[in-house]
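J.: Take a look at the following structure, please.
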Amino acid sequence: MAEEETAPVSGQEIKSESRFSYFESIGVIVGHGVGAGILSVPYLASRNPWWVVILILVGAFAVNILLHLMVAELSYRHNGAQFVQCLQKTIFKGKVGKVFTWIAFALLGLSVIMNCCSYITGVATVFYNWFGLPLWAGMLIYYAFAALVVFFGMKAVGISEKYCVFVMVAVMVVLFIATFTVGLNPLPEAFVHINNVLALYGMVSFALSSVMSVPTVVKGANGNKRQIHVSVIVGTLINVTLVGLLTLITILACGNNVTTDGALVDLSGVIGGWVGIVGYVFTILALSTSLWANTLNLRDIVHEQFSKLPVRLCWVIVSLPCLAISLISLIPVFGASFVAFARVASVIQIVTNLAIVVAYSVTRRKFDDSPLLGNFGGIVFQVIVILMAIVATVGSILTVH
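For the sequence shown, counting from 1, position 385 maps to 384 in numbering that gives the first Met the number 0; every step adds exactly one.
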């Protein structure tokens, strides 16, 4: 068996630029997952019976745990490699494989950059609404203070993610308590349309996804299987709890008046204007943690493909286009194209997830044991993950009734 295909044996460490603590690796999973998706779930949940919402939260949690641990085991088997290297060492081999490797690299890079553009634009919008700051100025200021976290390395990201998660949890507790100061509305019971169920599943799956950051956690844990397990399971559990709690708070406070403007906007209108300020803080933290995780992941992917380049130069190559495209998107003629790119990015991520499961299946057949999943990584569970990824994709494009 080729050396590149061997997994680290028990006790052997995966090489990494720094070591994550348990809280830091959990923070990376939570930080990547908590983003724009969590703010959109309450609207879709309000269009479904409460028991359907619970089933979807539980189901999406289980499927995402399987997917994330498949990614973790795939990366673990290849010494902490990121997605593109994992694909190159499993399903993209030979001369033709090199072509597909570079296609995957380009598409994945585009997807991450477009997502990061949305985070920069989102925070700039918050600065505009909060302080009246021009969007271009907000983008430059945010990039200077937030994006630079990744410049200082993997450990800086882990520490920042950890403390931001603590603050986001505290914000959610404050909102939960404040909900009981207003009249509570009943939970929805009427079944409206199957489209609403599928759309909700698609959005919850998106809100829980931290797939891109799993290889970073594998490296940060230096191959510690227990830490990888705890990070993925506890991180995803915190994410689904935050999603469920914000959904419950919004529906109890707003009832049938939940809108597409976002949960925190609706809560501000019912509980009081101070919630808007809390919402701004939560939004900045949620988007920043996602920005850090995404740019760190793409930095490492670029470095794996161009190993002779300094790591910090790889960060510049990754992060500057995010700022540049965000600024260009302010020009009216490019606005529609930017939205179209963002939609393409989400589709690319779904396709990437499917490719990862195939790569995991190929790798699993080469070994007698499964260090992270055991029997839960078998073909039946692989098929379940693929089918639910397709369901999530369909749900994301359906019309909500």
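Note that the Cβ used here is the ideal one computed from N, Cα and C, for glycine as well.
Closest to Ala198 by CA distance: which of Val52, Pro133 and Val122 is it?
T.: Nearest C-alpha to Ala198: Val52.
J.: Could you work out which residue in Phe205, Leu290 and Pro370 is closest to Ala59 when comparing CA atoms only?
T.: Comparing Cα-Cα distances from Ala59 to each of Phe205, Leu290 and Pro370, the minimum goes to Phe205.
J.: Within the chosen definition, does the region 68-80 reach the region 370-382 through at least 3 CB pairs nearer than 8 Å?
T.: Result yes; three or more Cβ-Cβ pairs closer than 8 Å.
J.: Given a cut-off of 8 Å on the beta-carbon distance, is the pair Ile314 and Val156 in contact?
T.: The residue asked about is misnamed: residue 314 is Trp in this sequence, not Ile. Not closer than 8 Å, so no.
J.: When you compare only the Cα positions, how much space is there between Lys88 and Ile250?
T.: Rounded to whole angstroms, Lys88 to Ile250 spans 47 Å at the Cα level.
J.: In chain order, which continuous runs of the alpha helix (DSSP H) of length 4 or greater are located wholly inside the region 115-180?
T.: Complete alpha helix (DSSP H) runs here, min 4: 134-141, 147-150 and 153-178.
J.: Return the Cβ separation of Leu308 and Gly108 in integer angstroms, given the expectation that the two are a contact with Cβ distance under 8 Å.
T.: Rounded, the Cβ-Cβ distance is 14 Å, inconsistent with contact.
J.: Under 8 Å, do Arg46 and Val269 count as touching if we go by C-beta distance?
T.: Not closer than 8 Å, so no.
J.: So, are the CB atoms of Ile64 and Val216 less than 8 Å apart?
T.: For Ile64 and Val216, no; Cβs fall outside 8 Å.
J.: Do Thr280 and Val122 have their C-beta atoms closer together than 8 Å?
T.: Correcting the residue type first, residue 280 is Val in the shown sequence and not Thr. The answer is no: Cβ separation not under 8 Å.
J.: Buried or exposed, going by whether 16 or more other CB atoms sit within 10 Å of the CB of Phe179?
T.: Phe179 is exposed by the Cβ-count criterion.
J.: Can you tell me where the alpha helix (DSSP H) with Ala206 in it begins and where it stops?
T.: Residues Ile193 to Leu207.
J.: State yes or no: is the C-beta of Met138 within less than 8 Å of the C-beta of Leu326?
T.: It is a contact, given that the beta carbons lie within the stated cut-off.
J.: Ends of the alpha helix (DSSP H) at Leu263?
T.: Start and end: Ala262 to Ile270.
J.: Tell me whether Ile330 sits in a helix, a strand or coil according to DSSP, three-state version.
T.: Three-state result, Ile330: coil.
J.: Excluding five sequence neighbours on each side, which residues of the same chain lie with their C-beta closer than 7 Å to the C-beta of Gly34?
T.: For Gly34, where only same-chain residues beyond five positions count, the Cβ hits under 7 Å are Ala285, Leu286 and Ser289.
J.: For Phe99 and Leu397, I'd like the C-alpha separation in whole angstroms.
T.: Those two C-alpha atoms are separated by around 30 Å.
J.: Between which residues of its own chain and Val111 is the CB-CB distance below 6 Å, once the five residues before and five after are set aside?
T.: Here the set comprises Asn293 and Leu297.
J.: Below 8 Å between beta carbons: does that hold for Val390 and Tyr200?
T.: Yes. Within cutoff.
J.: Please classify Leu386: is it buried, with 16 or more other beta-carbons within 10 angstroms of its beta-carbon, or exposed?
T.: Answer is exposed; the Cβ neighbour count stays below 16.
J.: If you draw a straight line from the C-alpha of Ser395 to the C-alpha of His31, how long is it?
T.: The straight-line gap from Cα to Cα measures roughly 19 Å.
J.: With Leu86 and Ala358 assumed to form a contact (beta carbons below 8 Å), what rounded beta-carbon distance in angstroms separates them?
T.: With a Cβ gap of about 5 Å, Leu86 and Ala358 count as contacting.
J.: Just the C-alpha distance for Ile152 and Gly272, rounded to the nearest angstrom, thanks.
T.: In the sequence as displayed, the identity of residue 152 is Gly instead of Ile. Their Cα atoms are separated by approximately 38 Å.
J.: Under the rule that 16 or more other beta-carbon atoms within 10 Å means buried, what is Leu312, buried or exposed?
T.: Per the 10 Å Cβ criterion, exposed.
J.: Which runs of the alpha helix (DSSP H), 4 residues or longer, sit entirely within the region 1-72?
T.: Complete alpha helix (DSSP H) runs here, min 4: 21-32 and 35-44.
J.: Measure from the alpha carbon of Leu266 to the alpha carbon of each residue in Cys253, Ile276 and Ala136, then state which is nearest.
T.: Nearest option by C-alpha distance: Cys253.
J.: With a CB to CB cut of under 7 Å and the five nearest residues on each side skipped, what residues in its chain are close to Ser74?
T.: Within the same chain, Ser74 has close Cβ partners Ala80, Cys85, Val213, Pro214 and Val217.
J.: Helix, strand or coil: which one does DSSP assign to Phe340?
T.: Because the pLDDT of Phe340 is 48, which lies under 50, any placement of that residue in the model is unreliable, and the question is left without a value.
J.: Compare the C-alpha of Ser17 against each of Val399, Ala220 and Val264 and name the closest.
T.: Considering only alpha carbons, the answer is Ala220.
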